[in-house]
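With the first letter of the sequence shown counted as 1, position 72 gets the number 72 in the UniProt record's numbering; the numbers rise by one all the way through. Notes to accompany the following structure.
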Amino acid sequence: RDLSKNEFSGSIPYSIGQMKDLNSLNLAHNQLNNELGDMFKSLTKLKQLDVSFNSLSGNLPQSLKSLTSLKKIQLQNNKFSGSINVLANLPLDDV
Numbered sequence: 001r002d003l004s005k006n007e008f009s010g011s012i013p014y015s016i017g018q019m020k021d022l023n024s025l026n027l028a029h030n031q032l033n034n035e036l037g038d039m040f041k042s043l044t045k046l047k048q049l050d051v052s053f054n055s056l057s058g059n060l061p062q063s064l065k066s067l068t069s070l071k072k073i074q075l076q077n078n079k080f081s082g083s084i085n086v087l088a089n090l091p092l093d094d095v
């Protein structure tokens with residue numbers, strides 16, 4: 001799903017976690033803020049995640065470890081802090 005450049009603001013809704021067959025999610029270039037929540041733990045088919053160019057902050061959630069199909073993740077141009085170790089064992093081709 002390409003939801004980029006829509007001027008969305010606020011937090012990413014937890015209801016995204018109910019879209020279990022989602023294989024791509026692009027939320028880049030919006031005005032999203034707050035922390036990434038744990039809504040990703042059910043998205044085991046997700047292959048691409050792009051949340052770049054927002055104002056997301058805080059640590060990367062442990063739920064990202066559940067994304068065992070993830071090949072590409074884009075996190076740049078946010079305000080994340082802490083470690084990226086949650087990405088260490090994922091089969092990523094591109095970070």
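Where a beta carbon is used, it is the ideal one built from N, C-alpha and C, also for glycine.
Quiz prompt | Endpoints, the beta strand (DSSP E) within which LYS72 is located | solution = For the purposes of this step, residue 72 is identified with residue 72 of the sequence shown, where counting begins at 1. Its beta strand (DSSP E) spans residues 72 to 74.
Practice problem: Report the rounded CA-to-CA distance for ASN77 versus SER42, giving the unit in angstroms. | Solution: Counting from one through the sequence shown, the residue named residue 77 turns up at place 77. Counting from one through the sequence shown, the residue named residue 42 turns up at place 42. Going from the Cα of ASN77 to the Cα of SER42 covers about 25 Å.
Quiz item: Taking just the CA atoms, how far does SER83 sit from LEU90?
Solution: In the sequence shown, the residue the question calls residue 90 occupies position 90. In the sequence shown, the residue the question calls residue 83 occupies position 83. Each residue's alpha carbon lies about 15 Å from the other.
Quiz item: Expressed to the nearest angstrom, what Euclidean distance is found between the alpha-carbon atoms of LYS47 and PRO13?
Solution: Translated into the one-based positions of the sequence shown, residue 47 becomes position 47. Translated into the one-based positions of the sequence shown, residue 13 becomes position 13. Each residue's alpha carbon lies about 19 Å from the other.
Quiz prompt | Inter-residue spacing [alpha-carbon to alpha-carbon] between ASP50 and MET19 | solution = Translated into the one-based positions of the sequence shown, residue 50 becomes position 50. Translated into the one-based positions of the sequence shown, residue 19 becomes position 19. So the alpha carbons of these two residues sit roughly 16 Å apart.
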